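The structure appears below as structure tokens.
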Amino acid sequence: MKQKIENKLIDKNTKPTSMRILVYDFLSSQETALSLSEIENCFENADRTTIYRTLKTFEEKGIVHSIQENSTTKYKLCHDDCNEKTHKDWHLHFYCKICKQTTCKEDISFPESMKTDFRIDEIRLFAKGICENCLESLQ
């Protein structure tokens, strides 16, 4: 697994340091987008600044995309076709007001095939509501 992560980072022109490998591995196991604080809480001995720099490098290299929620930024791994110039996270980011989780709803997206006379590098679609799991528990 470590070698596979190293190769992914190298493919994205990112040096595979120990912390970058750990953060990538951790993010790859997450279903929801996480804030810096949430990620930091899972790494007892890691420096907050190092984790922050790792996430910023990942964002610059097209490894993660950031999702703005009010005053909080959350991070989720990108697909392999994102790169330094273009993040292809053209799907809905959904925040549940009950469980406080942010998920990527890839079945709801902006059409990438739309013909334009300009280049779109990034689209941010964000919605708040109640997720399917919380709706079930309300019934």
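Everything in the sequence shown is counted per this note's numbering, starting at 356 for the first residue and increasing by one.
Note that CB positions come from ideal geometry on N, CA and C, so glycine has one too.
Keep in mind that this is a model prediction, so the values were computed, not measured.
Using the three-state DSSP reduction, which class does residue i fall into: helix, strand or coil?
i: residue 383; result: helix
Buried or exposed for residue i, going by 16 or more other Cβ atoms inside 10 Å?
i: residue 369; result: buried
i: residue 367; result: buried
i: residue 359; result: exposed
i: residue 474; result: exposed
i: residue 375; result: buried
i: residue 394; result: buried
Since residue i contacts residue j with CB under 8 Å, what's their CB separation in whole angstroms?
i: residue 397; j: residue 419; result: Not confirmed; about 15 Å, so no contact.
i: residue 506; j: residue 448; result: Given that the chain is displayed from residue 356 to residue 494, the structure contains no residue 506 and the question cannot be resolved.
i: residue 410; j: residue 391; result: 7 Å
Only counting the same chain, and skipping five residues up and downstream in sequence, which positions put a Cβ closer than 7 Å to that of residue i?
i: residue 462; result: none
i: residue 416; result: 367, 368, 369, 439
Note down, in chain order, each residue of its chain lying with its Cβ closer than 6 Å to the Cβ of residue i, except the 5 sequence neighbours on either side.
i: residue 414; result: 421
#### Entry: Segments assigned beta strand (DSSP E), at least 3 residues, entirely inside the region 418 to 489
Within the region 418 to 489, the complete beta strand (DSSP E) runs of at least 3 residues are 419 to 424, 427 to 432, 446 to 451, 457 to 464, 480 to 484.
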